[in-house]
Every structure is written in structure tokens, then in C-alpha cells.
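A.B. asks:
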Amino acid sequence: MPVLTEPPSMGDVLKYELNPNYTREVVTLLVGMPYPVGAVLGKITASGKYKLATSGGADGAQTANAVLLYAVDATLADANGIVLARGPSIVSRAGLRTITAAVTDGLDHRLTISSNLGEPVPLGTKVHFLTLVRSDADRVEIRHGAVASEVTLPVVEVLG
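In this note's numbering, the protein residues as written are 5 to 164.
#1: Suppose you measure from the CA of Asn69 to the CA of Gly46; what does that come to, to the nearest Å?
#2: If you check the beta carbons only, do Ser93 and Asp16 fall under 9 Å apart?
#3: Can you tell me which of the three DSSP states Asn69 falls into?
#4: Is the Cβ-Cβ distance between Ala78 and Gly42 less than 9 Å?
#5: State the DSSP-derived secondary structure class of Gly61, mapped to helix, strand or coil.
#6: Buried or exposed: which applies to Thr169, given that a residue is buried once 16 or more other Cβ atoms fall within 10 Å of its Cβ?
#7: So, is Thr27 buried or exposed, given that buried needs 16 or more other C-beta atoms within 10 angstroms?
#8: With a CB to CB cut of under 6 Å and the five nearest residues on each side skipped, what residues in its chain are close to Ala89?
#9: Give me the Cα-Cα distance between Asn84 and Val31, rounded to the nearest whole angstrom.
#10: Would you mind sorting Tyr20 into buried or exposed? The rule is 16 or more other CB atoms within 10 Å of its CB.
#11: Taking all protein chains shown into account, do 16 or more other C-beta atoms lie within 10 angstroms of the C-beta of Thr9, making it buried, or fewer, making it exposed?
#12: Taking Val95 as part of the beta strand (DSSP E), name the residues at either end of that continuous run.
#13: Taking 6 Å as the limit between beta carbons, can you name the residues of its chain near Leu127, skipping five residues before and five after?
#14: So, using beta-carbon positions, are Ala191 and Pro24 closer together than 9 Å?
#15: Could you check the C-alpha separation between Leu34 and Asp82 for me, to the nearest Å?
#16: Taking its Cβ as the centre, do 16 or more other Cβ atoms sit within 10 Å of Val7, making it buried, or is it exposed?
Laid out in C-alpha cells, this is it:
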């Protein structure tokens with residue numbers, strides 16, 4: 005008998021939100037990659053589009069301010085996605101992907117990603133992701149490479 009595996013869903017990331025009409029927004033995701041459920045996103049200042057949050061950037065996306073609630077494939081073109089943009093909400097740590105290894109090879113940075121949801125990360129996926137270091141009720145400390153930064157998610161709680 006074949007084994008069926010349920011793909012990751014919004015319920016793996018979002019545990020509670022007071023009012024979806026207030027906490028969620030439809031945003032435009034930057035072309036270039038498939039975005040997984042639970043991706044932490046930053047807004048590019050110049051275009052208003054969202055991409056994976058990167059602590060070392062200077063385009064505005066270095067400030068994480070949204071969590072993607074449904075997987076979106078933006079490999080070939082910009083795509084719309086539904087995000088959790090504000091609280092009050094409760095988000096599960098188990099639904100977020102984490103960096104498990106990082107290697108620098110010349111100018112190329114390689115990251116090994118572990119998916120808590122059991123979803124494989126496709127080869128060739130562009131990854132700019134963050135490692136959770138510490139979290140409180142209203143903020144999350146994250147690390148990208150050797151740089152630590154603090155991101156404020158208003159009234160969003162991260163459960164262990």
C-alpha cells in the first residue's frame with residue numbers, strides 16, 4: 005500500500021489569529037523561486053514586492069515583516085501570495101524552515117536547509133533564510149550567516 009504524505013499547510017504555521025480580515029494581506033512575491041508555506045518575507049522598498057527576508061540586504065527586504073500562509077510558485081513570473089502581516093496571531097516555530105549548515109565557496113554561499121514539515125527543498129532553489137535564535141511574545145531574534153538581527157512582529161507569538 006502506498007504511503008501518502010500530506011503537504012505542508014497554513015495550519016502547520018498559523019495556530020491562531022483574531023481576525024483574518026485584519027491580520028492578512030495579499031502581496032506580490034518577487035519572481036525567481038517557489039516560496040514555501042511559512043516563508044519569512046521582507047518588503048522591497050523600491051517596488052513594494054516581497055521576497056525572502058535577508059539580514060544582509062539593503063533593499064528593504066532585510067526587515068522581516070510577513071509570513072507566507074500558502075505555498076506560491078513564482079519561478080517564472082511575479083505571483084500573488086497571502087501573508088500574515090500583523091497580529092494578534094500565534095505562529096508555530098515548527099512550521100518554519102531553519103538553516104542547518106552554511107558553507108562559503110569563493111563568492112558562492114551554500115546553505116543546507118532542514119524542513120520541519122518534511123517537504124523537500126527543490127534543487128536550484130534560491131535561499132535567503134534565517135535561523136531562529138530566540139523569541140519573545142512580540143519579537144524574534146534571527147541569524148543569517150554570522151550576522152544576528154532582531155525583527156519585530158507586532159503582537160505575534162511564536163510557539164515552541
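Glycine included, C-beta positions come from ideal geometry on N, C-alpha and C.
C.D. replies: Reading off the structure:
#1: 6 Å
#2: no
#3: strand
#4: no
#5: coil
#6: Because the chain here runs from 5 to 164, residue 169 falls outside it and cannot be looked at.
#7: buried
#8: Glu29 and Ala70
#9: 6 Å
#10: exposed
#11: exposed
#12: Ser93 to Ser96
#13: Residue placement at Leu127 is flagged as unreliable, the pLDDT there being 48, under the threshold of 50; the coordinate-derived value follows with that caveat. Cβ within range, chain order: n/a, list empty.
#14: Outside the displayed range of the chain (5 to 164) lies residue 191, so it cannot be described from this structure.
#15: 5 Å
#16: exposed
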